[in-house]
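Chemist:
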Amino acid sequence: YRYAHAIHTFGSCVRCHMPRVAKIGEAGDAHSHTFRFMYPQATIKAGGYDKQPNACSSCHHHKDTPVEDLVGFLEAAKKNDMPRPFTVHQQPEGR
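Counting with this note's numbering, you get residues 2 to 96 for the letters of the sequence shown.
1. Can you give me the C-alpha to C-alpha distance between K52 and T44, rounded to a whole angstrom?
2. Taking C-beta to C-beta, are V72 and P41 nearer than 8 Å?
3. Is it right to say C57 is buried, meaning 16 or more other beta carbons lie within 10 angstroms of its own, or is it exposed?
4. For E69, collect the residues of the same chain with a Cβ closer than 8 Å to its Cβ; drop the 5 residues on either side in sequence, then sort them by chain order.
5. Taking M19 as the reference, give the member of Y50, G48, N55 with the closest Cα.
6. Return the chain-ordered list of same chain residues with a C-beta closer than 8 Å to the C-beta of H34, the five sequence neighbours on each side being excluded.
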């Protein structure tokens with residue numbers, strides 16, 4: 002993919018592969034150490050953000066956007082090989 006593994010310009014592995022899993026009330030909240038990427042599809046399968054957060058939802062709080070719509074956006078981004086940076090708040094040309 003032209004967007005090289007992610008749709009963001011920052012190159013931080015930690016942001017997606019070690020998402021926040023708990024708030025401990027201090028700087029450097031607790032992060033996952035499994036290094037597994039939790040896809041938004043896992044959130045759908047589990048029944049919602051409250052049951053299974055994903056790597057995207059740990060930073061992006063799209064409470065008014067159904068997770069299915071976000072998954073559709075990610076799939077379209079991969080299919081159309083959209084360049085970085087591209088956010089869910091933008092629409093690809095011609096759509």
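The beta carbon of each residue, even a glycine, is placed where N, CA and C say it ideally should be.
Modeler: Looking at the atomic coordinates:
1. For the purposes of this step, residue 52 is taken as the residue at position 51 of the sequence shown. For the purposes of this step, residue 44 is taken as the residue at position 43 of the sequence shown. Whole-angstrom Cα-Cα distance: 7 Å.
2. Within the sequence shown, numbered from 1, the residue matching residue 72 stands at position 71. Within the sequence shown, numbered from 1, the residue matching residue 41 stands at position 40. Closer than 8 Å, so yes.
3. Within the sequence shown, residue 57 is the residue found at index 56, counting from 1. Buried is the call here.
4. On the sequence shown, residue 69 is found 68 positions in, with the first residue counted as 1. The residues are I45.
5. Looking up residue 19 in the sequence shown gives position 18. Considering only Y50, G48, N55, the residue with the shortest C-alpha distance to M19 is N55.
6. As a first step, residue 34 is located in the sequence shown; it is residue number 33 there, counting from the start. Closer than 8 Å at the Cβ level, and outside the excluded window around H34, lie M19.
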